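Undergrad: One structure coming up, written as structure tokens, with questions to follow.
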Amino acid sequence: MAKILLIDDSWLTRRGLNTMISARDHEVIEAENGSQGIQKIQDDQPDCVLLDLLMPEMDGYEVLESLREKNISVPVIICTADIQETAREKCLELGAFGFINKPPAESEVMAMVQKAIQP
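Next comes the structure, spelled out in structure tokens:
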């Protein structure tokens, strides 16, 4: 069982992802914005993070930058709608592990999470 953190400002997205992931016996933690997410990463030390890019307060890019500045190493999967190539490149430069398009298919989410949490 792994601990997975969902960082997304959409309650509906978090709920859907939570249902998918917890059905596979993983522990799910949620944060509704980037700053809350950074705090939960530090406090709860998740095995994997699913991160939206476009959020108020602190967006996904800022979360990735903050993790890099703090030398926090955790696989971060970007979960966003229609990511452009320039955004994808920027995320990879900032340390993103992978990408999932919204709305996410359960098989895609679980395959990416499994890949991220494998030792």
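One rule links them: number in the working numbering = place in the sequence shown (from 1) + 1302.
The C-beta atom is built at its ideal place from N, Cα and C for all residues, glycine as well.
Source: prediction; values computed, not measured.
1) So, for Gly-1362: in the same chain, excluding its five sequence neighbours on each side, which residues have a beta-carbon less than 8 Å away from its beta-carbon?
2) In chain order, what residues of the same chain have a beta carbon less than 8 Å from the beta carbon of Pro-1329, not counting five sequence neighbours either side?
3) By the 10 Å Cβ neighbour count, where 16 or more other Cβ atoms means buried, how is Leu-1366 classified, buried or exposed?
4) For the region 1349 to 1411, list the alpha helix (DSSP H) runs that are entirely contained and at least 4 residues long, ordered along the chain.
5) Of all the CB atoms in chain C, is at least one closer than 7 Å to the CB of Arg-1316?
6) Go ahead and label Ala-1325 buried or exposed: buried means 16 or more other beta carbons lie within 10 angstroms of its beta carbon, across all protein chains shown.
7) By Cβ distance, which residues of its chain are closer than 7 Å to Ile-1340, with the 5 residues on each side in sequence left out?
8) Would Ala-1333 be called buried (16 or more neighbouring beta carbons within 10 Å of its own) or exposed?
TA: Reading from the atomic positions:
1) The sequence position of residue 1362 within the sequence shown is 60, counting from 1. Ile-1309, Gly-1336, Leu-1353, Asp-1354, Leu-1355, Leu-1356, Ile-1380, Thr-1382 and Cys-1393.
2) Counting from one through the sequence shown, the residue named residue 1329 turns up at place 27. Reading off the sequence shown, one finds Glu at residue 1329, where the question assumed Pro. Here the set comprises Met-1303, Ala-1304, Lys-1305 and Ile-1306.
3) As a first step, residue 1366 is located in the sequence shown; it is residue number 64 there, counting from the start. With 16 or more other Cβ atoms within 10 Å, it is buried.
4) 1362 to 1371 and 1387 to 1395
5) Any reference to chain C falls outside this structure, which holds one protein chain only.
6) Translated into positions along the sequence shown, residue 1325 becomes position 23. Counting Cβ neighbours within 10 Å, Ala-1325 comes out exposed, since fewer than 16 surround it.
7) For the purposes of this step, residue 1340 is taken as the residue at position 38 of the sequence shown. Only Val-1365 and Ser-1368 meet the Cβ criterion.
8) As a working mapping, residue 1333 is identified with position 31 in the sequence shown. With 16 or more Cβ atoms within 10 Å of its Cβ, Ala-1333 is classed as buried.
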